[in-house]
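Reading through the structure tokens given below for one structure.
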Amino acid sequence: MPEGHTIHAAARKHDNMLKGRVVNLSSPQGRFVEGAQKLNGRECIRVEAYGKHLVYRFVEHYYLHIHLGLFGRIKVHKRPIKDAKNSVRVRLISATHVIDISGPTICELLRAPEIEQLIDRIGPDPLREDAEPERVFHRIRNSRVPIGKLLMDQSVIAGIGNIYRTELLWRQKLHPDIRGRDLNQKQLEALWDDAALLLNIGAKKNAILTTDIAIANPSKSREKFNIFAQKACPKCRGPITKIFINGRRAFICALCQKQLPKR
DNA sequence: AAGAATGTTATGTA
DNA sequence: CTACATAACATTCT
């Protein structure tokens, strides 16, 4: 989708999607119709991301809030317009392109105050120019919660997912069980900087790339990980251990990620 | 074809 | 209050 395009949105209701506040997004027939109701004809003037939350701002202070969750996808097609798949909830249309958003866990129309609430409850996002890393450091420094949990707490730092968590901790040689308060300023800064580096590469390449090789030569690689779901550590050749943090799988190299002697 | 997966939130339990 | 576990929801792929 070229930047600066004026896009229009249409949406349809599906099961519990668009619940509560935004029910009227659906067309009367429950079918996908370009330009049905509410969002119809409103120009999208800006798209912002706050961590994993997407906010499309339309004229007259309407905001479309999208969270793709685990399964959501955004697919960009060139015109002409074709039928949307059943899973498509929102379609954004410009003069040249059609964007289908399917399977989002959040899909709602909000006004400015609700968007502000949303932003307030989300921690600093390393991808954003206006991010204040000191807020992240403060939260971590004052917490007994292990860093492996804090990293995926979106109110602490926004945007880190399950793969980036494992990969960041490995790259920084940090064991996920280290308590937040046991990290020093230098480690915190390095963690933030590396998160910003990796996320920027990911955003640019539209792929999760965390190995130095993939970063240096991302042309032919899509997803490339050091230890996530891998057998051996690329650095020490030691075995990778699978653990669970908050019910999500995580991986560690017992040799490279030493537990700190501190309690 | 059952199960797993790059996510989040609400609710239950100790 | 905390901390943890479980369920619910979304979809696609093997």
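First residue of the first sequence? That's 1 in our numbering, and the numbers climb one at a time after it. Even for Gly, the Cβ is constructed at its ideal location relative to N, Cα and C.
Assigned exposure category for G159 - 16 Cβ within 10 Å defines buried = buried
Using DSSP with H/G/I as helix, E/B as strand and the rest coil, what is H97?
-> strand
Thinking just about the alpha-carbon of each residue, which of D153, T241, R135 and E223 is nearest to the one in Q189?
-> Reading off the sequence, residue 189 comes out as Glu, not Gln. With distances taken between Cα atoms, E189 lies closest to R135.
Would you identify the three-state DSSP class for F244, choosing helix, strand or coil?
-> strand
Which residue's Cα is closest to the Cα of N162: I227, K173 and L64?
-> I227
Local Cβ density within 10 Å of G247, reported as buried at 16 or more and exposed below that | exposed
Element boundaries [alpha helix (DSSP H), containing V136] = P133 to R141
Can you tell me the Cα-Cα spacing of I147 and I140, whole angstroms?
-> 8 Å
Assuming I81 and V98 form a contact by the criterion Cβ under 8 Å, report the distance between their Cβ atoms to the nearest whole angstrom.
-> 5 Å
When the Cβ atoms of the stretch 62 to 75 are set against those of the stretch 99 to 107, are three or more pairs found closer than 8 Å?
-> yes
Enumerate in chain order the residues of its own chain whose CB-to-CB distance from F244 is below 8 Å, with the five nearest sequence positions on each side excluded.
-> A250
Would you check if the stretch 229 to 240 and the stretch 192 to 210 touch, i.e. whether three or more CB-CB distances between them fall below 8 Å?
-> no
Would you call the CB atoms of L127 and N217 closer than 8 Å?
-> no
How would you label Q257, buried or exposed, when you count the other beta carbons within 10 angstroms and need 16 or more for buried?
-> buried
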